[in-house]
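Here the sequence shown is numbered in the working numbering, starting from 162 and rising by one per residue.
All C-beta atoms in this analysis are idealised placements derived from N, C-alpha and C, irrespective of residue type, glycine included.
For reference, the structure is listed below as structure tokens.
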Amino acid sequence: MNYASSWDFTMANYGAVWAFMVQLGLLLLFLMMGNILRRTIPLFRKCLVPSALLGGTLLLIVNIICKQFGFVLVDRRLMQVITYHCLAIGFAAMSLKTEKSTHKTNRAQVLEFGALQGGTYMLQAFVGLGITLVMFLITRYGDKIVSYICGLILPLAFGQGPGNALSWDINFTNTPAAQFAGNGSFGLSLASIGFVVASVFGVLYINIHKKRGELTIRTGTPVELAAAPQEANGEIPDNESVDKFSLQAGFVALAYALSFGFMYLLGILSDFTNSIAWGFNFLWASLAAMLIRFVVKQLRKHNLMHREYINNYQMDRISGFAFDLMIVAGVAAIEINDIKNYILPIVILSIVGTIITFVYIRLVAKECFKGFEHEFFLMSFGTLTGTASNGMILTKEIDPGLRTPTSSLYILSNFPAMVMIAPLLLLLGFAGKSLTNAVIALVIFFVLWSVYTVFLFRRKLFAKRYQDAPVEVWTDSADC
162 MNYASSWDFT
172 MANYGAVWAF
182 MVQLGLLLLF
192 LMMGNILRRT
202 IPLFRKCLVP
212 SALLGGTLLL
222 IVNIICKQFG
232 FVLVDRRLMQ
242 VITYHCLAIG
252 FAAMSLKTEK
262 STHKTNRAQV
272 LEFGALQGGT
282 YMLQAFVGLG
292 ITLVMFLITR
302 YGDKIVSYIC
312 GLILPLAFGQ
322 GPGNALSWDI
332 NFTNTPAAQF
342 AGNGSFGLSL
352 ASIGFVVASV
362 FGVLYINIHK
372 KRGELTIRTG
382 TPVELAAAPQ
392 EANGEIPDNE
402 SVDKFSLQAG
412 FVALAYALSF
422 GFMYLLGILS
432 DFTNSIAWGF
442 NFLWASLAAM
452 LIRFVVKQLR
462 KHNLMHREYI
472 NNYQMDRISG
482 FAFDLMIVAG
492 VAAIEINDIK
502 NYILPIVILS
512 IVGTIITFVY
522 IRLVAKECFK
532 GFEHEFFLMS
542 FGTLTGTASN
552 GMILTKEIDP
562 GLRTPTSSLY
572 ILSNFPAMVM
582 IAPLLLLLGF
592 AGKSLTNAVI
602 ALVIFFVLWS
612 VYTVFLFRRK
622 LFAKRYQDAP
632 VEVWTDSADC
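If you want it as structure tokens, here you go:
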């Protein structure tokens, strides 16, 4: 058979040859247009609205207009696939980075940062699921039933962004007992609102506290923490036979390949393991990346590897690129018809979720992170309603040199936070199988939130026990 003549590169084979490249080109083009909007419209710039969110929203609007003329511009399914994979790729790249910190941090605050993240997730899960359980009970005898499980997407949308919100939206949609038909759009809509909340409320917080005189912009010599140098001692040079960036991409691909193998193995073991395998691609990718990083570290330690192949700066670029694509694709993949029946739950979950997240993080910041409570609040609030990028951007608005230990604590708290969030992730599939399971999960979320909160406020709750222990207040030596 003559394979060369069996197909060609013309429009006759658009789906096989051109479809992916056209959709990828649309994402990049509208990402650039979103950046232009942000640079030219002062309101967007002052509110720190991400360029990717603007680009995705613009692409969504253009696609809606095109549909009115019978032309579908966006391949929604492909956009969902890109959103799903970009989440895992971004997490893998972040987890491959060498954990370096130039700040002195104490272990208690590392655990407290992890407990805050776990507590916020549990609070969002408890309140979100509680709201939709009540709405389900009210509407179950009506014409339009609100799914009892859709509120559980709130912590995924606010805390982890479009990728995981999409994944579990689809999962719940494919679970008949959940009585849910979000088709991905419900989770993507909540995640998009989360980005707006992170940006707008973060900026309002900065301006209000600056006017009150409670917040000042830190000055001084910048402390380089988040971005490693492009080429450090012992690294492979840029003029090697293989480009350094190609090697970084190879490490990320290896991590994702290992995670795929693990997900495949879980998928064939049992129905339960299959239910938790594919929805957590970002988690398995992170764990695989940590394993690779550990192996590389041991090889270096025993002089079996003589060069440093993993570059933090370029891993930042890979994760940044993946998350930008994820946001644009996630917003563009929203189908308006799918969320018509869920407008009220989305509005209520967004408002209540914003309020409880704001208040909880603010209280914890004042209690546990004295001396840099504002920087800590902005980093945590931005991350737990948007992404880590939102948190870092907000923090840099008042601490451009990253002089406080906030970013160091965030890096070091990743593992304890992952452990404390794990119960939520494990209960997602269980909660969606029945109303009874959802109520049981609701109780567990409340208990876990209570445990994490007692740990965070232990000094105040058990004042007699801690009365002789000095309260550590961080001070910036440059400001003294």
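Going by DSSP, Phe484 is part of the alpha helix (DSSP H) stretching over 473-493.
Contact between the segment 413-424 and the segment 485-492 is absent: fewer than 3 CB-CB pairs across the two stretches fall below 8 Å. Each residue's CA atom was taken as its position, placing Gly543 and Ala173 some 46 Å apart. Exposure of Met193 is indicated by the presence of fewer than 16 other C-beta atoms within 10 angstroms of its C-beta.
In the three-state reduction of the DSSP assignment, Glu534 falls in the helix class, which pools H, G and I. Under the 8 Å Cβ criterion, the segment 280-288 counts as touching the segment 516-524, having at least three qualifying pairs. Distance check between Leu313 and each of Ile299, Thr300, Ile331 places Ile331 closest, using alpha-carbon atoms only.
In the structure shown, the three-state DSSP call for Glu496 is coil.
Glu528 carries a helical assignment under DSSP once its states are collapsed to helix, strand and coil.
In the structure shown, the three-state DSSP call for Glu558 is helix. For the 8 Å CB-CB criterion, Gln278 and Leu545 form a contact. Taken in chain order, the segment 286-356 contains no complete beta strand (DSSP E) segment of 3 residues or longer.
Remark: C-beta atoms of Arg523 and Arg379 do not approach each other more closely than 8 Å.
The beta-bridge partner set that DSSP reports for Glu273 is empty. Between Ile479 and Val403 the beta-carbon gap is near 16 Å, outside 8 Å, which marks them as no contact. Boundaries of the alpha helix (DSSP H) harbouring Ile226: 212-229, taken from the DSSP string. Met466 places its beta carbon less than 8 Å from that of Val457. DSSP places Trp610 in the uninterrupted alpha helix (DSSP H) bounded by 596-617. Taking C-alpha positions only, Ser436 is separated from Gly374 by approximately 51 Å. For Lys258, the CB contacts under 6 Å within the same chain, skipping 5 residues up- and downstream, are Asn473, Met476 in chain order.
Comparing alpha carbon positions, the residue from Ile554, Ala410, Leu365 closest to Ala254 is Ala410. Nearest C-alpha to Thr293 among Phe341, Glu536, Pro323: Phe341. For the pair Gly345 and Ala483, the Cα-to-Cα distance works out to about 19 Å. Rounded to whole angstroms, the separation of the alpha carbons of Ala493 and Gly216 is 9 Å. The C-beta separation of Ile354 from Ser574 comes to about 26 Å, leaving the pair out of contact by the 8 Å criterion. Rounded to whole angstroms, the Cβ separation of Tyr613 and Met579 is 14 Å, and the two are not in contact under 8 Å. Glu396 is bridged by DSSP to Glu469. Cβ neighbours of Gly343 within its own chain (closer than 6 Å, five residues either side excluded): Asp330, Thr334. In the DSSP assignment, Gly411 falls within the alpha helix (DSSP H) that extends over 405-430. For Lys207, the enclosing alpha helix (DSSP H) has its first and last residue at 203-207.
In the three-state reduction of the DSSP assignment, His246 falls in the helix class. Counting along the chain, Leu563 sits inside no alpha helix (DSSP H), nor does DSSP assign it H or E at all.
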